[in-house]
Structures are given as structure tokens and as C-alpha cells.
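Chemist: Structure below; questions to follow.
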Amino acid sequence: MAIPALPARYKPASVWALYAIGLLPGLYAFYLGIFGGLGADPVRAFEHLLGLWALRFLCLGLAVTPLRDLLGINLISYRRALGLLAFYYVVAHFAVYLTLDRGLILSSITGDILKRPYIMLGMAGLTMLIPLAATSNRWSIRRLGQKWNRLHKLVYAIAAAAVLHYALSLKAITAEPAFYIAVVIVLLAYRLVRPKLMEWKRSRRAAGGSGVRSRA
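In terms of our numbering, the sequence shown has 8 at position 11, counting the first letter as 1, and numbering is strictly consecutive.
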């Protein structure tokens, strides 16, 4: 049974509220960094927090479809905002890496990329996110048609790259990265079984409808 959706007149305000709330963790981390609340290595801690929130918003965006399919919770109006919040956090994460971490020293950045595979994965994720963010608007949907759907399937590769980037950057698989790896695996695996699941649900509805008509 579907859960009642928020009335349409409140949707725009609720989307903007999501943006405001979604940006708060990054602003709070920035505040902690200024006032010495991020520990002995504030740059790395700030960089890590921004990347972690990017991964969280990616996971939340991917969870919209299974929540609607399985629980009747329709959050499709918020998927664009979740995706863009993930993009903003990835850009901020990358900007901190380039400026505060590497000081915009090209040789240091290039050497880091070549030496550390997880940085290559992170940059691949950012590169794939850029066209998704650029086309997250109604004009692009109309203009691209079916190509838009194919393009935005890149989010699956982005999520995989993001969680691997995160896990490899920690040098050890502890409970937290293991949790996010499991979440991403479940969310991506759902996409593989979804066609069969939806076909089964349609057949059940059709059978139920024919049963009602025959009794009538």
C-alpha cells in the first residue's frame, strides 16, 4: 500500500528545505575546522567528511526507486536534489584535496594520482558526475529523451567508484566502509532483479483485477 505523498503545493518548499538541510553537515565541518574541532589533521578530516557525505547522498538517491517499489514511499521529487547534493559534496571534496591538501602543486597531484588507485577512482567518479549534474533539469530531459535515461545510468558506476574510493582511502576495511560497501552492493543488485520483480507485481495486479471482474 502506497504511503500518501506530500501535497503538490508543498513540494517546492520541501525540496529547498532538503538542499538547506543537506548542506548543513558540510558547513558544520567547515565551522569545526576553523575553530580546531577536527583533530590533529583538520584538512584530511574535512576532506574525509565531505567525501563521506557525497557517498551518503549517492546512496540516498539510489534508494529512492526501491523505496517506491517495495514500500510505496514516493520520494522521486527529491532524487534530483539528492543527486546534486552528492555532486556539490564531491566537488567540495575534490577542491579541498587540490587546494588545502596538495596546495595546487601539479607535480604533487599528478604523482598522487599515478601512485594511488583510489584517487583515480575518485576522479573517475567526479568526471562521470559532471554530465549528470549538467543534465539534471527538465530541458535536458526533453532534449535528450531516451538518451537521458541511458546517460543517468552512469550513477551505478559512480556509486561503485565512490565506495571503492572511500574504502581504499582508509587502507583497511573496518565496520564503517564495510557498511557502505554492503549498502551499495544491495542498491546495485536491486537494479538487476527489478525487471523481474516489477513483472511479477504487474502479473499479480492483473490476476487480482481479472479475479474481481469474474466475481462481478
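C-beta: ideal position from N, C-alpha, C; glycine also.
All of these numbers come straight from a predicted model, not from anything done at the bench.
Taking all protein chains shown into account, do 16 or more other C-beta atoms lie within 10 angstroms of the C-beta of W136, making it buried, or fewer, making it exposed?
Modeler: The residue in question, W136, is exposed, as its Cβ has fewer than 16 Cβ neighbours within 10 Å.
Chemist: Which residues in the same chain as I110 place their Cβ atom closer than 8 Å to its Cβ, once the five residues preceding and following it in sequence are excluded?
Modeler: So the qualifying residues of the chain are I116, M117, M120.
Chemist: When you compare only the Cα positions, how much space is there between K150 and V12?
Modeler: Cα-Cα distance, rounded: 23 Å.
Chemist: Tell me whether A204 is buried or exposed, calling it buried when 16 or more other Cβ atoms sit within 10 Å of its Cβ.
Modeler: A204 should be labelled exposed.
Chemist: Check whether the Cβ atoms of V93 and V180 lie closer than 8 Å to each other.
Modeler: It is not a contact, given that the beta carbons lie outside the stated cut-off.
Chemist: Could you name the residues of the same chain whose beta carbon sits closer than 8 Å to that of L123, not counting the 5 residues immediately before and after it, in chain order?
Modeler: Closer than 8 Å at the Cβ level, and outside the excluded window around L123, lie V87, V88, F91.
Chemist: Whose C-alpha, out of A37, D66, L15, is nearest the C-alpha of Y187?
Modeler: Nearest option by C-alpha distance: D66.
Chemist: Kindly provide the ranges of any alpha helix (DSSP H) runs that are 4 or more residues long and lie completely inside the region 67 to 106, ordered along the chain.
Modeler: Runs found: 76 to 93.
Chemist: Rounded to whole angstroms, what's the CA-CA distance from I70 to L79? Just pull it up for me.
Modeler: When rounded, the distance between both Cα atoms is 16 Å.
Chemist: Buried or exposed: which applies to W197, given that a residue is buried once 16 or more other Cβ atoms fall within 10 Å of its Cβ?
Modeler: Under this definition W197 is an exposed residue.
Chemist: To the nearest angstrom, report how far apart Y16 and R201 are at their CA atoms.
Modeler: Whole-angstrom Cα-Cα distance: 38 Å.
Chemist: Under 8 Å between C-beta atoms, does R202 make it to chain C?
Modeler: The chain labelled as chain C is not found in the depicted structure, where only one protein chain is given.
Chemist: Out of curiosity, what's the CA-to-CA distance linking V183 and R140?
Modeler: C-alpha separation (whole angstroms): 32 Å.
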